[in-house]
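For what it's worth, our numbering labels the leading residue of the sequence shown as 16, then goes sequentially. We put the CB at the ideal spot given by N, CA and C, even for glycine. Keep in mind it's a predicted model, so treat the numbers as computed, not measured. What follows is a set of notes on a single structure, which appears directly below.
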Amino acid sequence: MKIVELSRRAELPVPTIKFYLREGLLPPGRSAPGGRHLSYDERHLSRLILIRTLTAVGRLSLASVREVLHAVDSRGLPIAGLCAVINDALFAEDSGLLAMPERQGAAARIDSFIDVLGWRVADDSPGRHTLARVLTALERLTGDADVSAFTPYAEAAMCLTNLEVASLSSSVETNGDRATLIARVVLLEAAMAALRRMAREHLIQSADPVCAERA
């Protein structure tokens, strides 16, 4: 297909596609018969859909997108390594939390908390630092914060992630599509956040007699 058709099917402007080509995020097209135009195929379309998912839903920077795409294309990288790359990329976009200070001792308390959970998490995992900063912010807000308050959230996260990982593993074993795995990770993360917010809205509305009557 020509770039105009690719643009229509990917629902992206031609200048955006050309930008991705220049940046090396999208492989170049092949010379069409006659050499006047470049031809693109379903692989280019799939790559554009993945890039759009990473940028629009995952809100990743182009630098992070480049790292993720490199991991997708690295066939020697195991699935665990691929998931680690997308995890790091998603954490990297939490710039607000990264800018927050981390109170002395917070990291050690989070490390102990993770040990109690029995989770196998790398010592340099960005998740540890994120939780330490959240704990610090809670302490500044309330004057005191108990790390055990994270326990029900950890239990809920484990329950949801068990379902997610089983689904992802089945998908990869079935079609070996690493790009789809990455897209599903990003989309399911967004879905979980949306569902949690809607659940909060539902409970608040249900607890309000006025809102309950209107419903």
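Does the Cβ of residue i have 16 or more other Cβ atoms within 10 Å, making it buried, or fewer, making it exposed?
| i | result |
| --- | --- |
| I219 | exposed |
| S221 | exposed |
| R193 | buried |
| V201 | buried |
| G73 | buried |
| E216 | exposed |
| S182 | exposed |
| V29 | exposed |
| Y35 | buried |
| N190 | Because the pLDDT at N190 is just 49, under 50, the model does not fix this residue reliably, and the point stays unresolved. |
| Y168 | exposed |
How about residue i and residue j: do their beta carbons lie closer than 7 Å?
| i | j | result |
| --- | --- | --- |
| L60 | R24 | yes |
| E179 | L203 | yes |
| I32 | S22 | yes |
| L97 | A86 | yes |
| G69 | V80 | The question names Gly, yet the displayed sequence has Leu at residue 69. Closer than 7 Å, so yes. |
| R124 | V162 | yes |
My guess is that residue i and residue j are in contact by the Cβ rule of under 8 Å, so how many angstroms apart are they, rounded?
| i | j | result |
| --- | --- | --- |
| R62 | L41 | 6 Å |
| L150 | A160 | 6 Å |
| D126 | R143 | 7 Å |
| M207 | L175 | 6 Å |
Going by DSSP, what residues sit across from residue i in a beta bridge?
| i | result |
| --- | --- |
| L53 | S46 |
>> Three or more C-beta pairs under 8 Å: does that hold for the region 90-103 against the region 195-210?
In response: Cβ pair count under 8 Å is three or more, so yes.
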